[in-house]
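As C-alpha cells, the structure follows; a few thoughts come after it.
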Amino acid sequence: MDTLPALASLLLPGLGQFLSGRRGRGLSVFGVLALMLALVWWATAPAAGFAETTIAFKGDPNLWWWLIAPALVWAWNVWDAARPGGAPGWLPLLVAGGMFAIFGWQTAEISPSTLLQNGDRVMLIIRPMLQPDFLQVRAEEREGWVELLVPCPAEAPAAPSNTSDGIALELSAGCAAVGQELTVTGAGLRPDTAAEFIWQSPIGDFFPLRDPADPQQFRLVQPEADGSLQAAFSVPNAIPPGIDPNLPQEQRLYVRQSRPLGGWELSTNGRFVLQGIYETLSVALMSTALGTLLAIPISFLAARNLMGANPVTLAIYVAMRTLLNIVRSIESLIIAIIFVVIVGLGPFAGMLAVTVHTVAALAKLFSELIEGIDPGPIEAMRAVGGDWLQIIRYGVVPQIVPPFTAFTIYRLEINVRASTIVGLVGGGGIGFFLIQWINLSDFRAVSASFIAILVIVIFMDQFSAQIRKRLQ
Amino acid sequence: MLEVRNLHKVYPNGTVALTDVSFRVDDGEFLVVIGLSGSGKSTLLRCLNRLIEPSQGQILWDGVDVTAASGAELRRIRRHIGMVFQQFNLVKRSSVLTNVLAGRLGFANPWLSLLGVWPPSDRAMALRALERVGIRDKAEARADALSGGQQQRVGIARALMQEPKLILADEPVASLDPVLSHSILQYLEQLNKEEKITVICSLHFLDLVHRYATRVIALKDGKVVFTGLPQEIDKARFKAIYGEDAVEVRAGMTA
Ligand SMILES: Nc1ncnc2c1ncn2[C@@H]1O[C@H](COP(=O)(O)OP(=O)(O)OP(=O)(O)O)[C@@H](O)[C@H]1O
Ligand SMILES: [Mg+2]
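Read top to bottom, the protein sequences are chains A and R.
Under numbering that gives the first Met the number 0, think of the first position of the first sequence as 0, with each following residue one higher.
Under numbering that gives the first Met the number 0, think of the first position of the second sequence as 0, with each following residue one higher.
Set out below in C-alpha cells:
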C-alpha cells in the first residue's frame, strides 16, 4: 500500500503513477480521464455552440450520471497508484471503451432500423439498374409540339397550333390552369404507330404524361387510319419548386412517334458513356505519360545513393522525399477539387490532379529502384573502358528500365480508376457524367456507366498483369 | 610489364587501405595476391585500372603512366585490361550475349553501342568467347538464369572481348564451390599460358595459390609483407601473413 502516490493520484489522476516511475501509465490514465470528462461536459453542456450536432442526448443537464464512468476510472486510478504492482489495466479500458462506444454510436447516427425500414428504396435503384441505358432499339422518331401558357394570364391567348416534323397539332385553348382538361387535335401522324405525349416544363425538363386509366403506364394514343388524332389530357403540374406558380409560363406538349426499325443503336446516354470512357482513358493515359516524364528526373533527386554524398544534395534529397510523401498522402480527389477551382470543370483539371499524384507516387518508387540498383555492372562497364553514356546505357538502363516500365503500367491501371474518381468532383470523363446521373436519379445511365467502368478496369487489370509478367 | 611504385590509398573516411606498395609484374606472369580480409587486395587491384583513385604513387604499364592518364586516355588503357569480379558484376536482366558484348564497349562505335547495335564481327567474337568458356548454348539466356560458375564464365568471356593483355581477377572464385573454382581458374591459367595474358588474381585458399600462381604477393594491413614463389610460403611466412592463430584451410579437390 503506497499512500503517497495514491494521494497524488486522488488529486491529479496519473500523478502517483508518474512520480513512482510508471510514466507511460500515468500519462495515459490522465489522458483517458481528461477525454472522458471532456466528453461528458460536451454532452451535458447547453447546446449553444453545438446546435448542429445530432447527438441524441445533447444538452440534457440531467445527464450528470454519465460522470459515473469517469468516477470509476478515477477510483481505479487511486487503487492503481496505491498497489505496488499496479491494478488490472483492463478494468478502466472496459469502462472508458464502453463509454466511447456509446458516444461514438450516437455521433455517427448509427441506426440499423433506418437501414432495414427503407429496404424498398433499394428496389427503386436496382430495378432501373438492371436495364442499363446503353443500347436502344433502332427507331425512327418524329415529334411535333404545341405551346401554351400555364396558368392563364389576364388576357387568354388564342388556341395555338404548330406544325413540325410533318406533324400538325392544335390545342383547344392557348392557356390552362394545372389540372385543367384540354383537347389536342393532330394530323400528319403515321397511322401504324402509337404516339407518346411528353410534357416540357418551363425550365426545359421533359417528362412523359401518364395514362389516366393506369398511372403506372405512359400515355399512348393510337392515331386514326388517316393519320389524325384527337385526345384529351389534363395539364400536369410542371412548375418547378421555387418558381411563382401564378406566373404564366410557356410549356409544351410534344407528341412523339417512334417506329422500330429493327436492330440496336447507342442510346443518347450510351453515347455519353462512350464519350466519358474515352475521356477518362485519355486523362489516365496523358497523366501517366506526363507523370512518368516528370517523375524520372525527380526520382534521381530523391535517391539516397545519388544524393547522400554531400550536405547540399542531401538537403535536396530530404526536401524531395518530404514533399513526395506529403503530396502522396493527399487524395487525388482533393487535388482535383483544387484544380477544378483553378482551371475550371473538365478533363484538364482531372488530368492535372492525377498527374500530380502520379508524379509523387512514381518518383518515390523510381527512387527506391535507383537506390536498390546493383553497382556491380556499373563497375564492370567502367572497367571495360566505357564512357559515361555507355556506362549508363549498359550498366544502369537495363537494371531500371524494366521495373520502371512495370511500375508505369501498374500506375496506368491505377490512373484509369483515379481518373474515373476525379470526374466525380468535376474532373471530366465518365465520373463527371456519373455524378450527374446520380444526382438526376437516372439509374439506368448510372448502371450503364458502372458496367463500362467495370469493363475497362478489368481490361486494364489483365493488360497490366500480362505486361508486368513479361517484364519480370 | 606492369610496375607499381609507392602506391598509397587513403579512403575519404580516413581508412588507410594501402601503404607504400611497390612491385613489378612481368608479362606472362600469373601473380596471385593474398592476404586477410581487409588487407587491401581489392583496393590494390582496383587501383591498377583506376576504378579506385590511388592517393599517391605511380603505376606504369608498358611504359605508360596509368596514374597520369585522364578521360579518353584512361578509357583506352582500361579497354586493354580485362577484369573479373567476385560477384561477377553481370547485368542480371540482360542476355548472356549482351553481357559479353558489353566487354567490347571500349572499342565500339559510341553511337551504335548506345543504340544497342553491334557489328556482326563483334557478335561472332562474342559467340567465340562463349564457345571458349563452354557456354555458347546459353547465349540467349538471361544472365540470372545461369549458375554461379556459368555466370563467372560469362564474366571471363566479357573480359576476352577486350582482347586483353592483362586480366585483373578479384577473388574470382570466392563465391564458388571447389570444383567450379578449379574450372574457372583453369580458364584463367589457359589464357595465361596460351595467349600470354598476364593475370593478377587475388585468392583466399592457399592450395589454389600453390596450384596456379607463378608468383605471390602478400598484403597485410595494406603493406606488402611477402613477394616470392608460392612454394616459399612456409609455416613461418604463413603466420606472418595471416597472423599467429591462423589455420590453413583448403579449397580442396586439387585438379
Ligand atoms: N569505399 C571504401 N571506403 C572506405 N573504406 C574502404 C572502402 N573500401 C574498402 N575500405 C577499407 O579498406 C580496407 C581494405 O579493403 P579491401 O576491400 O581492399 O580489402 P580486401 O583485402 O579486398 O578484403 P576482402 O578479402 O574482404 O575482399 C578495409 O579496411 C576496408 O574496410
Ligand atoms: Mg576484396
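Glycine included, C-beta positions come from ideal geometry on N, C-alpha and C.
By the 10 Å Cβ neighbour count, where 16 or more other Cβ atoms means buried, how is residue i classified, buried or exposed?
{"i": "Y241 of chain R", "result": "buried"}
{"i": "T321 of chain A", "result": "exposed"}
{"i": "N76 of chain A", "result": "buried"}
{"i": "Y409 of chain A", "result": "buried"}
{"i": "R120 of chain A", "result": "exposed"}
{"i": "T2 of chain A", "result": "exposed"}
{"i": "F206 of chain A", "result": "exposed"}
{"i": "P211 of chain A", "result": "exposed"}
{"i": "V116 of chain R", "result": "exposed"}
{"i": "N88 of chain R", "result": "buried"}
{"i": "Y10 of chain R", "result": "exposed"}
{"i": "L292 of chain A", "result": "exposed"}
{"i": "P4 of chain A", "result": "buried"}
{"i": "E223 of chain A", "result": "exposed"}
{"i": "E243 of chain R", "result": "exposed"}
{"i": "R22 of chain A", "result": "exposed"}
{"i": "N414 of chain A", "result": "buried"}
{"i": "G96 of chain A", "result": "exposed"}
{"i": "G88 of chain A", "result": "exposed"}
{"i": "P171 of chain R", "result": "buried"}
Which residues in chain A have a C-beta closer than 8 angstroms to the C-beta of residue i? List them in chain order.
{"i": "S21 of chain R", "result": "Ordered by position in chain A, no residue passes the 8 angstroms Cβ test against S21 of chain R, which lies about 23 angstroms from the chain."}
{"i": "R78 of chain R", "result": "V383 and G384"}
{"i": "P109 of chain R", "result": "D386, L388 and Q389"}
At 7 angstroms on the CB atoms, spell out the chain A contacts of residue i, in chain order.
{"i": "R74 of chain R", "result": "G384 and D386"}
{"i": "S112 of chain R", "result": "Q389"}
{"i": "L104 of chain R", "result": "M380, V383, G384, G385, Q389 and Y393"}
Name, please, each residue of chain R whose Cβ falls closer than 9 angstroms to the Cβ of residue i.
{"i": "E378 of chain A", "result": "R45, L50, M82, F84 and N88"}
Excluding the 5 residues preceding and the 5 following residue i in the sequence, name in chain order all residues of the same chain whose CB lies nearer than 8 angstroms to its CB.
{"i": "K238 of chain R", "result": "A245"}
{"i": "I238 of chain A", "result": "V149, V177, S200, P201, P244 and Q248"}
{"i": "I67 of chain A", "result": "none"}
Might you give, ordered along the chain, the residues of its own chain that have their beta carbon closer than 6 angstroms to the beta carbon of residue i, omitting 5 neighbours on each side?
{"i": "Y393 of chain A", "result": "M380"}
{"i": "W65 of chain A", "result": "V39"}
{"i": "L59 of chain R", "result": "E2"}
{"i": "S8 of chain A", "result": "L14, G15, N76, V77 and A80"}
{"i": "A156 of chain R", "result": "V99, A128, L129 and V132"}
{"i": "L159 of chain R", "result": "A128"}
{"i": "I297 of chain A", "result": "A362"}
{"i": "F17 of chain A", "result": "G25"}
{"i": "H182 of chain A", "result": "With the sequence shown as reference, residue 182 of chain A is identified as Thr, and His is not the correct amino acid for it. For T182 of chain A, where only same-chain residues beyond five positions count, the Cβ hits under 6 angstroms are S171 and A231."}
So which residues on chain R does residue i lean against when the C-beta distance must stay under 7 angstroms?
{"i": "R392 of chain A", "result": "L113"}
For residue i, go through chain R and note every residue whose CB falls closer than 8 angstroms to its CB, in chain order.
{"i": "P401 of chain A", "result": "R92"}
{"i": "G375 of chain A", "result": "F84, Q86, F87, N88 and L89"}
{"i": "P397 of chain A", "result": "V90, R92, S93 and T97"}
Looking only at its own chain, which residues have a Cβ that is under 7 angstroms from the Cβ of residue i, when we skip the five neighbours before and after it?
{"i": "L71 of chain A", "result": "V94"}
{"i": "G187 of chain A", "result": "G165, I166, A167 and G226"}
{"i": "A175 of chain R", "result": "One point to set straight first is that residue 175 of chain R is Leu, not Ala, in the sequence displayed. Same-chain partners within the cutoff: G147, G148, Q151 and I183."}
{"i": "L36 of chain A", "result": "P69"}
{"i": "V339 of chain A", "result": "A348, V424, G425 and G426"}
{"i": "E51 of chain A", "result": "With a pLDDT of 49 at E51 of chain A, under the threshold of 50, the predicted position of this residue should be treated as unreliable, and no value is reported."}
Practice task
With 8 angstroms as the limit, tell me which residues of the region 86-101 of chain R have their beta carbon closer than that to any beta carbon of chain A; keep them in chain order.
Solution key: From the region 86-101 of chain R, only Q86, F87, N88, L89, V90, K91, R92, S93, T97 and A101 have a Cβ closer than 8 angstroms to chain A.
Exercise for the section: Compile a chain-ordered list of the residues in the region 37-59 of chain R whose CB is closer than 7 angstroms to at least one CB of chain A. Expected result: Listed by position, the residues of the region 37-59 of chain R near chain A (Cβ gap below 7 angstroms) are N48 and L50.
Exercise for the section: Spell out a yes or no on whether the region 36-43 of chain R and the region 66-77 of chain R are touching, meaning 3 or more CB-CB pairs, one atom from each, closer than 8 angstroms. Expected result: no
Handout entry: Residues within the region 135-164 of chain R neighbouring chain A, beta-carbon criterion of under 9 angstroms
Key = G154, R157, A158, M160 and Q161
Handout entry: the region 213-231 of chain R touching the region 28-36 of chain R, judged by at least three CB pairs closer than 8 angstroms
Key = yes
Handout entry: Segment contact flag, the region 273-280 of chain A with the region 448-456 of chain A, C-beta cutoff 8 angstroms, min 3 pairs
Key = yes
Practice task
Please confirm if the region 370-389 of chain A is in contact with the region 329-346 of chain A, defined as three or more CB-CB distances below 8 angstroms between the two stretches.
Solution key: Contact between the region 370-389 of chain A and the region 329-346 of chain A is absent, because fewer than three Cβ pairs lie under 8 angstroms.
Practice task
Decide yes or no for the touch test of the region 15-22 of chain R against the region 193-209 of chain R: beta carbon pairs closer than 8 angstroms, at least 3 of them.
Solution key: Fewer than three beta-carbon pairs drawn from the region 15-22 of chain R and the region 193-209 of chain R are found closer than 8 angstroms, and the two stretches are therefore not classed as touching.
Practice task
Determine contact between the region 135-146 of chain A and the region 264-274 of chain A, defined as no fewer than three beta-carbon pairs at a distance below 8 angstroms.
Solution key: Here the region 135-146 of chain A makes contact with the region 264-274 of chain A; the two share three or more CB pairs at distances below 8 angstroms.
Handout entry: Stretch-stretch touch, CB-based, cutoff 8 angstroms, three pairs: the region 321-337 of chain A with the region 423-433 of chain A
Key = Between the region 321-337 of chain A and the region 423-433 of chain A, the count of C-beta pairs closer than 8 angstroms reaches three or more; the two stretches touch.
Problem - Meets three-Cβ-pair contact criterion under 8 angstroms: the region 183-202 of chain R and the region 105-124 of chain R - result: Contact between the region 183-202 of chain R and the region 105-124 of chain R is absent, because fewer than three Cβ pairs lie under 8 angstroms.
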